[in-house]
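Each residue of the sequence shown is one higher than the last, beginning at 31 in this note's numbering.
Note that the Cβ used here is the ideal one computed from N, Cα and C, for glycine as well.
Please read these numbers as outputs of a predicted model, since none were measured by experiment.
What follows is a single structure, written as structure tokens, with notes after it.
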Amino acid sequence: MLRRLIFCVLLTSTAVSAENLETLAERSQASARAVLGRAVDAIGGEETLRSIESVRLQLEGETWPRLQMPTPEPPFTGGFMRETLLIDFKNNRLRLEQQARGGGFENHNSIVITAGEGTNFDHRARTATPIPAGQSNQQQFVQYYRRIPNLLLRQAIDRTDSLRSLGRDTFDGRQHDVFTFVMPDTQQVAVYVDSQTHLVSKYELLTVDPLTGEDASEIVFGDYTTVGKFRVPQSWNQHLAGDAVSKFKLRAEINPSVDDASFGAPTGSFAKVDALPDTLQEEVERLADGVFVIHNVAEQNYNTLAVAMKDHIVVVEAPGSSAGADRAIKQIKQAIPGKPIRYVAMTHHHSDHIGGLRSFISEGAIVITTPANRSVVEAIAAAPQIDRLAKNPRKPEFLLIENGKRVLTDGAQSIELIDIGPHPHAKEMVIAYLPQQRVVFQGDLFFVSPNNASQGPPQASTVSFAKRIKELNLAIDRIASVHGRTATYAEFQKAVEGAT
Ligand SMILES: [Zn+2]
Numbered sequence: 031m032l033r034r035l036i037f038c039v040l041l042t043s044t045a046v047s048a049e050n051l052e053t054l055a056e057r058s059q060a061s062a063r064a065v066l067g068r069a070v071d072a073i074g075g076e077e078t079l080r081s082i083e084s085v086r087l088q089l090e091g092e093t094w095p096r097l098q099m100p101t102p103e104p105p106f107t108g109g110f111m112r113e114t115l116l117i118d119f120k121n122n123r124l125r126l127e128q129q130a131r132g133g134g135f136e137n138h139n140s141i142v143i144t145a146g147e148g149t150n151f152d153h154r155a156r157t158a159t160p161i162p163a164g165q166s167n168q169q170q171f172v173q174y175y176r177r178i179p180n181l182l183l184r185q186a187i188d189r190t191d192s193l194r195s196l197g198r199d200t201f202d203g204r205q206h207d208v209f210t211f212v213m214p215d216t217q218q219v220a221v222y223v224d225s226q227t228h229l230v231s232k233y234e235l236l237t238v239d240p241l242t243g244e245d246a247s248e249i250v251f252g253d254y255t256t257v258g259k260f261r262v263p264q265s266w267n268q269h270l271a272g273d274a275v276s277k278f279k280l281r282a283e284i285n286p287s288v289d290d291a292s293f294g295a296p297t298g299s300f301a302k303v304d305a306l307p308d309t310l311q312e313e314v315e316r317l318a319d320g321v322f323v324i325h326n327v328a329e330q331n332y333n334t335l336a337v338a339m340k341d342h343i344v345v346v347e348a349p350g351s352s353a354g355a356d357r358a359i360k361q362i363k364q365a366i367p368g369k370p371i372r373y374v375a376m377t378h379h380h381s382d383h384i385g386g387l388r389s390f391i392s393e394g395a396i397v398i399t400t401p402a403n404r405s406v407v408e409a410i411a412a413a414p415q416i417d418r419l420a421k422n423p424r425k426p427e428f429l430l431i432e433n434g435k436r437v438l439t440d441g442a443q444s445i446e447l448i449d450i451g452p453h454p455h456a457k458e459m460v461i462a463y464l465p466q467q468r469v470v471f472q473g474d475l476f477f478v479s480p481n482n483a484s485q486g487p488p489q490a491s492t493v494s495f496a497k498r499i500k501e502l503n504l505a506i507d508r509i510a511s512v513h514g515r516t517a518t519y520a521e522f523q524k525a526v527e528g529a530t
């Protein structure tokens, strides 16, 4: 009798407490907790998740980075990526090796972080660059908790304060319970849990897309298998604003044995070079009378060229964002006072090169580009963004570069906009050539290291650019860039020969 009474009291109190949640946030958290609990059980259980001390993950497959392909429209030829990630959670050590190929570039790097100290090993250039302490801290590890659902759920059970239910949704034709929580790097993650299998099908992060505005970045997990006590996915696919951007096979080892050697330097010799600057300062470089490069627009590695003509200004490249471009416009007007910006030319259609176009369109500038980019510019001008073009909308006006070249001149100053395509980085690729000043301004064809690192073997993008310069017989002293500092032609030649 007594036992039965106690049992009844306990049961009642549990039932009452669930119904007694007063606010919507409380109820939302309770329902998210229930979904999380089922997901944790389905993937191996809480105790098993908490027993994870190390992981080794291998991802490999094709990539189609959004607004970074050689053409603005499909069909696209994919690039390639292979990644091996080893994390020792117990001792805060990480090793990330990535090999990527696409758009006229090849990269192979290993990042090793141990005890808050990091090094980036470039396997092509054979250099070892220290990673500043600010970038090799705990925060650096957080993004990797999103690589597999097991680590993601382990984060969620430790962060139930921000846990909320988003309700139910259909994904891939199946019913899902969706909850959200905030990770230590401030990313708010929406986790989709299959209502029947209770496995995590995908998670979403919200991001701003230059063409569609607020949009989702989705990581879709599939093809679950059993590894020890865990269920782990074997496919890892990313969609950005609805576009498939990567399709990877995933191989996960949980609690592989690790030792100090696992976090040592890669084999072979690497030359130790200086660390990269931690911050970038906005500054104006005067290349010649009336010719300026606005460096580090919005304190990012983005530059804009401004050239004074008799009664107006010609700008080449509008990278970054509307806010960044607004600041660049201010700098341009200070450097070249009393003249309107009549034209803004773009080198190619990639997202990082056109993010500031809306401000120049708002300013009244005519967009100079190659024919295939017209629709991208129209889309960006119509995108749902919050900036001055949104307050006073107008359609972009165009001056198209047809037959490979357009020359702007006022008799004294000339700018030749030359389409050097088809180029491996972008099929239509424009450079700005100033014959009097013997200056070229280019984007993504050649980079100079901001530190004392050598370049390594030349990239296909640079080799193709060098070949076109020769064919066009351009006389050049300096090459200014959308990313990085202005180089001398001698530095460029060394890079092409792979001598630096
Ligand atoms: Zn590009």
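| G91 (DSSP reduced to helix, strand or coil) | Here residue 91 corresponds to residue number 61 of the sequence shown, with the count starting at 1. Residue state, collapsed to three classes: strand.
| query | Counting Cβ pairs, one atom from each stretch, are 3 or more of them under 8 Å apart for the stretch 304 to 311 and the stretch 104 to 111? | reply | no
| task | Please look up how many angstroms separate the CB atoms of K277 and N285, rounded, as I've assumed it's under 8 Å. | result | The sequence position of residue 277 within the sequence shown is 247, counting from 1. The sequence position of residue 285 within the sequence shown is 255, counting from 1. Actually they do not touch by this definition, with Cβ atoms about 28 Å apart.
| field | 6 Å Cβ shell around L41 - same chain, five flanking residues per side excluded | value | Along the sequence shown, read from residue 1 onward, the residue named residue 41 stands at position 11. Confidence in L41 is poor, its pLDDT being 39 and thus under 50, which makes the residue's placement unreliable; the coordinate value appears in the next sentence. Taken in chain order, the list of residues that qualify is empty.
| request: Specify the secondary structure class of N422 as computed by DSSP and reduced to three states. | output: Your numbering for residue 422 matches position 392 in the sequence shown. Note: N422 maps to coil in three-state DSSP.
| beta-carbon D474 near ligand 1 non-hydrogen atom, thresh 8 Å | Along the sequence shown, one-based indexing puts residue 474 at 444. True, at least one ligand heavy atom lies under 8 Å from that Cβ.
| task | Note down, one range per segment and in chain order, each alpha helix (DSSP H) of at least 4 residues found wholly within the stretch 261 to 299. | result | none
| Contact the stretch 495 to 507 vs the stretch 316 to 325: 3+ CB pairs below 8 Å | no
| message | Measuring alpha carbon to alpha carbon, tell me which residue in K500, I82, K360 and F151 is nearest F260. | response | Walking along the sequence shown from the start, residue 260 turns up at place 230. Nearest C-alpha to F260: I82.
| Can you list, in chain order, the residues of its chain whose CB lies under 8 Å from that of L32, leaving out five sequence neighbours each side? | Reading the sequence shown from its first residue, position 2 is the one you call residue 32. In this prediction, L32 has a pLDDT of 40, which is less than 50 and means its spatial position is unreliable; what the coordinates show is noted afterwards. For L32, where only same-chain residues beyond five positions count, there are no Cβ hits under 8 Å.
| Is the number of C-beta pairs between the stretch 419 to 434 and the stretch 465 to 473 that are closer than 8 Å three or more? | no
| Residues that M213 bridges to, as DSSP identifies them | For the purposes of this step, residue 213 is taken as the residue at position 183 of the sequence shown. Paired residue(s): none; M213 is not in a bridge.
| query | Residues in its own chain within less than 6 Å of G298 by CB, not counting five upstream and five downstream? | reply | Within the sequence shown, residue 298 is the residue found at index 268, counting from 1. There are no such residues.
| field | Ordered list of beta strand (DSSP E) runs contained in the stretch 394 to 457, each at least 3 residues | value | 396 to 399, 428 to 430, 435 to 439 and 444 to 449
| request: Using 8 Å as the cut-off, classify the Cβ of H453 as near or not near the heavy atoms of ligand 1, replying yes or no. | output: As a position in the sequence shown, residue 453 is number 423, starting the count at 1. Every heavy atom of ligand 1 is 8 Å or more from the Cβ of H453, so no.
| Buried or exposed (CB count within 10 angstroms, at least 16 for buried), I416 | As a position in the sequence shown, residue 416 is number 386, starting the count at 1. Exposed, because fewer than 16 other Cβ atoms sit within 10 Å of the Cβ of I416.
| query | Taking the Cβ atom as the reference point for each residue, do T393 and I410 lie within a distance shorter than 9 Å? | reply | As a position in the sequence shown, residue 393 is number 363, starting the count at 1. As a position in the sequence shown, residue 410 is number 380, starting the count at 1. The sequence shown places Glu at residue 393, rather than the Thr named in the question. Taking 9 Å as the Cβ cut-off, E393 and I410 do not qualify as a contacting pair.
| said: In this structure, how does DSSP classify H383 when only helix, strand and coil are distinguished? | reply: Translated into positions along the sequence shown, residue 383 becomes position 353. H383: helix per DSSP, three-state reduction.
| Near A420, which residues of its chain fall below 6 Å by C-beta distance, leaving aside the five closest residues on each side in sequence? | Reading the sequence shown from its first residue, position 390 is the one you call residue 420. Excluding sequence neighbours, A420 sits near nothing in its chain.
| request: Note down, in chain order, each residue of its chain lying with its Cβ closer than 6 Å to the Cβ of Q128, except the 5 sequence neighbours on either side. | output: Position 98 of the sequence shown, counted from the first residue, corresponds to residue 128. Excluding positions up to five away in sequence, the list reads E113 and N139.
| query | How is L464 classed by DSSP in three states: helix, strand or coil? | reply | Walking along the sequence shown from the start, residue 464 turns up at place 434. Three-state DSSP puts L464 in a strand.
| DSSP beta-bridge partners for E234? | For the purposes of this step, residue 234 is taken as the residue at position 204 of the sequence shown. DSSP output for E234 lists A220 and E248 as bridge partner(s).
| query | Okay, do the stretch 53 to 65 and the stretch 195 to 210 touch, 3+ Cβ pairs below 8 Å being the bar? | reply | yes
| Close beta carbons around V460, own chain, < 6 Å, minus the five adjacent residues each side | The residue you call residue 460 lines up with position 430 of the sequence shown. Excluding positions up to five away in sequence, the list reads T377, L447 and D449.
| Quick one: Cα of N150 to Cα of P454, how far? | Walking along the sequence shown from the start, residue 150 turns up at place 120. Walking along the sequence shown from the start, residue 454 turns up at place 424. Computed Cα separation, rounded: 27 Å.
| task | Consult DSSP for T518 and reduce its assignment to one of helix, strand or coil. | result | As a first step, residue 518 must be located in the sequence shown, where it is residue number 488. Here T518 sits in strand by DSSP.
| query | What is the rounded straight-line gap between the Cα of S292 and the Cα of A483? | reply | What you label residue 292 is simply residue 262 of the sequence shown in a count that begins at 1. What you label residue 483 is simply residue 453 of the sequence shown in a count that begins at 1. Their Cα atoms are separated by approximately 26 Å.
| query | Can you list, in chain order, the residues of its chain whose CB lies under 6 Å from that of P426, leaving out five sequence neighbours each side? | reply | As a first step, residue 426 is located in the sequence shown; it is residue number 396 there, counting from the start. So the qualifying residues of the chain are I391, V397, V407 and A411.
| Residue range of the beta strand (DSSP E) that includes T255 | Your numbering for residue 255 matches position 225 in the sequence shown. Looking at the DSSP string, the run of the beta strand (DSSP E) that includes T255 is T255 to V257.
| field | Cβ contact check for the stretch 172 to 189 and the stretch 197 to 215: 3 or more pairs under 8 Å | value | yes
| field | Closest by C-alpha distance to E76, when choosing among P95, L183, E52 and R125 | value | Sequence index remark: in the sequence shown, residue 76 carries index 46 (1-based). When each option's Cα is compared against that of E76, the closest is L183.
| said: Does the structure place the stretch 171 to 185 close enough to the stretch 214 to 226 that three or more beta carbon pairs sit under 8 Å? | reply: yes
| Q467 beta carbon near ligand 1 (any heavy atom closer than 8 Å) | Position 437 of the sequence shown, counted from the first residue, corresponds to residue 467. Incorrect: Q467 has no Cβ contact closer than 8 Å to ligand 1.
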